[in-house]
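**Q** Take this structure, written in structure tokens, and hold onto it; I'll ask about it next.
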Amino acid sequence: MTGSLLIKGKRGPAFFAETNFWPPKFVKFILTMESGDSIAFTDPRRLSRVWLKSDPLCELPISKLGFDPLIDMPLIDVFTHQIKKRKLPIKALLLDQSFSAGIGNWLADEILFQSQIHPAQRTDDLSDENIQKLHEKMEFIVKKAVELDADSSKFPSDWIFDQRWNKGKKVVSYINEEKIEFVTVAGRTSAIVPTIQKLSKLQVRKLYLHLLLIVLHSSSERSAEKKDIREVK
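With the first letter of the sequence shown counted as 1, position 22 gets the number 24 in the numbering used here; the numbers rise by one all the way through.
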């Protein structure tokens with residue numbers, strides 16, 4: 003989620019500007035291999051950590067990570083079970099690294115947009131058709147991004163990626179002539195297209211009832227406070 007591995011003499015990721023300087027900027031350490039090749043780890047945000055482990059896949063923290071959609075995408079029946087046993091917004095689940103390793107905010111938005119699923123939709127309310135599409139799009143989008151070396155200038159024009167960075171700007175963004183809006187789900191900003199990413203009717207009813215209970219509870223508390231004030235007087 004943060005940092006890069008760069009090999010001396012090799013082209014780095016498209017987003018890494020300085021590929022002709024060694025050691026690269028923001029370098030944290032350099033590994034020199036027996037072959038003579040050098041690998042540098044860089045991290046301008048300083049959020050990453052490095053552990054030396056004898057068996058990384060079986061030791062913490064790696065052992066707690068979920069499947070990697072690039073190389074270890076689960077079969078649809080396993081994927082369906084993993085989703086339906088949880089009860090939370092689908093955006094929150096996608097960002098949970100213990101569910102799927104490597105899915106960040108923009109990938110989650112892209113997957114949900116192409117799956118036509120609202121990020122606040124509860125996992126236990128998703129249909130089998132929703133989950134099937136989610137499975138297909140997750141695998142496709144991750145593999146496509148890696149195939150293109152994460153170079154966003156090469157991403158397909160029908161992806162929401164290029165249009166999702168305008169929150170806070172006085173710009174109205176559109177994708178395929180449909181308006182993009184921004185909502186907060188699981189504490190993260192989500193770019194959505196409301197005309198195609200709609201909450202299910204069941205989810206809407208649940209939200210309505212939840213809000214109604216909040217209003218009734220708040221009204222009851224205010225009534226109790228007024229009664230206490232009158233008694234004190």
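Backbone N, C-alpha and C define an ideal beta-carbon position, used for all residues, glycine too.
Any chance you could list the alpha helix (DSSP H) runs of at least 4 consecutive residues sitting entirely within the stretch 98–163, in chain order?
**A** 107–117, 130–149
**Q** Just the C-alpha distance for residue 175 and residue 131, rounded to the nearest angstrom, thanks.
**A** 29 Å
**Q** May I ask you to report which of helix, strand or coil DSSP gives residue 94?
**A** helix
**Q** Rounded to whole angstroms, what's the CA-CA distance from residue 184 to residue 168? Just pull it up for me.
**A** 9 Å
**Q** When you compare only the Cα positions, how much space is there between residue 112 and residue 143?
**A** Inter-residue distance for residue 112 and residue 143 is about 8 Å (C-alpha atoms, whole angstroms).
**Q** In the DSSP assignment, what residue or residues form a beta bridge with residue 181?
**A** Answer is 176, bridged to residue 181.
**Q** Have a look at residue 104 and residue 172 and give me their C-alpha separation to the nearest angstrom.
**A** 31 Å
**Q** Please return the same chain residues whose Cβ sits closer than 8 Å to the Cβ of residue 10, not counting the five positions on each side in sequence.
**A** 24, 39, 40, 41, 42.
**Q** Name the DSSP bridge partner or partners of residue 33?
**A** 41
**Q** Tell me the rounded alpha-carbon separation between residue 86 and residue 124.
**A** 9 Å
**Q** Give every residue of the same chain whose Cβ lies closer than 7 Å to the Cβ of residue 75, excluding the five residues on either side of it in the sequence, and list them in chain order.
**A** Cβ neighbours of residue 75 beyond the five flanking positions: 69, 141.
**Q** Since residue 195 contacts residue 91 with CB under 8 Å, what's their CB separation in whole angstroms?
**A** In fact, because the Cβ distance is near 17 Å, the residues do not count as touching under 8 Å.
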